[in-house]
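To start, the structure under review is shown below, and the notes come after it.
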Amino acid sequence: MRQKNSKKSAPTLPDFWGRSKELIKQEHKDWIYDQYFNWDVITIYCDASVNRQNKMAAGFCYVYKGTVTKKYHLINKTSDCSMPVFAEVIAIISALKKFPQNVRGNYSIVLIYSDLDYIDNILTQRTSFKNSCLKIAQKELIDTFEQTSRQHPNTKIAISPLTRNQKKHNPFLKAAHNAARELIT
1 MRQKNSKKSA PTLPDFWGRS KELIKQEHKD WIYDQYFNWD VITIYCDASV
51 NRQNKMAAGF CYVYKGTVTK KYHLINKTSD CSMPVFAEVI AIISALKKFP
101 QNVRGNYSIV LIYSDLDYID NILTQRTSFK NSCLKIAQKE LIDTFEQTSR
151 QHPNTKIAIS PLTRNQKKHN PFLKAAHNAA RELIT
């Protein structure tokens with residue numbers, strides 16, 4: 001009687017980088033794969049784009065349980081609010097409002113990444129804006145963050161800026177960026 005081979009091969013890791021793979025440090029790749037394969041943490045990348053006609057869009061990349069999902073939507077505001085910082089803040093607000101509909105399953109942490117370097121200062125009000133659109137957006141962001149945290153008491157929700165190294169060669173940030181660009185080009 002012939003026996004079947006009982007060894008199972010390890011699953012192959014997805015190649016998010018193509019030809020650039022050799023240039024990327026293993027530590028960075030591990031950080032990306034940890035997000036991709038995590039079952040407890042949902043990582044959401046937000047990005048926004050504003051084109052020459054002041055049309056704005058937000059792009060999102062949801063990463064969890066070995067899946068990557070791309071979403072996007074138009075940001076409808078007046079032309080005096082058409083600025084990149086405003087669009088980035090609105091993208092984060094949208095991520096906070098929409099993650100329960102876009103993600104199924106159990107998770108203990110929702111981590112929202114933004115390429116807005118001073119998002120921490122916006123959330124803690126160490127940054128104050130003169131522009132009325134930005135003031136309103138900042139207040140809405142803080143209120144939405146607090147409300148979402150109350151609505152999901154068993155889930156830790158965090159918003160974090162990406163460092164320069166985390167932005168570089170990041171397939172998930174690139175997917176969020178491309179989603180936003182696709183909608184307004």
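The numbering of the sequence shown is the UniProt record's numbering, which starts it at 1 and goes up by one.
We put the CB at the ideal spot given by N, CA and C, even for glycine.
Through-space distance from residue j to residue i, alpha-carbon basis
i, j, result
"asparagine 106", "isoleucine 136", "33 Å"
"asparagine 54", "serine 82", "5 Å"
"proline 100", "lysine 21", "33 Å"
"isoleucine 92", "threonine 67", "21 Å"
"phenylalanine 172", "isoleucine 90", "19 Å"
"lysine 29", "histidine 177", "19 Å"
"phenylalanine 37", "leucine 183", "28 Å"
"arginine 2", "proline 14", "Note that arginine 2 scores a pLDDT of 49, beneath 50, so its modelled location is shaky; the value from the coordinates is reported in the next line. Distance between the alpha carbons of arginine 2 and proline 14 is about 34 Å."
"aspartate 34", "arginine 52", "37 Å"
"phenylalanine 129", "serine 149", "24 Å"
"serine 94", "arginine 164", "24 Å"
"threonine 185", "proline 153", "39 Å"
"threonine 127", "glutamate 88", "15 Å"
"alanine 48", "methionine 56", "7 Å"
"aspartate 117", "arginine 104", "29 Å"
"glutamine 147", "valine 50", "28 Å"
"residue 219", "proline 84", "Coverage of the chain is limited to positions 1 through 185, which leaves residue 219 absent and any answer about it impossible."
"arginine 19", "asparagine 131", "44 Å"
"threonine 12", "asparagine 102", "27 Å"
"glutamine 151", "threonine 124", "20 Å"
Under 7 Å between C-beta atoms of residue i and residue j
i, j, result
"alanine 175", "alanine 58", "no"
"glutamine 138", "isoleucine 119", "no"
"cysteine 133", "phenylalanine 86", "yes"
Supposed close pair residue i, residue j - CB separation, criterion 8 Å
i, j, result
"leucine 96", "threonine 144", "5 Å"
"lysine 77", "aspartate 115", "The pair is not a contact, with the Cβ atoms about 20 Å apart (cut-off 8 Å)."
"tryptophan 17", "histidine 169", "6 Å"
is_contact[residue i, chain D] using C-beta, thresh 7 Å
i, result
"alanine 58", "Protein chain content of the structure displayed is limited to a single chain, and chain D is not contained in it."
Please determine if the region 150-167 and the region 109-129 are in contact, where contact requires at least 3 C-beta pairs separated by less than 8 Å. yes
Are the region 35-43 and the region 71-78 touching by the rule of at least three beta carbon pairs closer than 8 Å? no
Within the region 99-149, ranges of the alpha helix (DSSP H) (whole runs, at least 4 residues): Taking only runs of at least 4 residues, the alpha helix (DSSP H) segments lying wholly in the region 99-149 are 119-123.
At least three beta-carbon pairs within less than 8 Å, the region 22-31 to the region 49-62: no
List in chain order: all unbroken beta strand (DSSP E) runs of 3+ residues lying wholly within the region 5-51. 41-50
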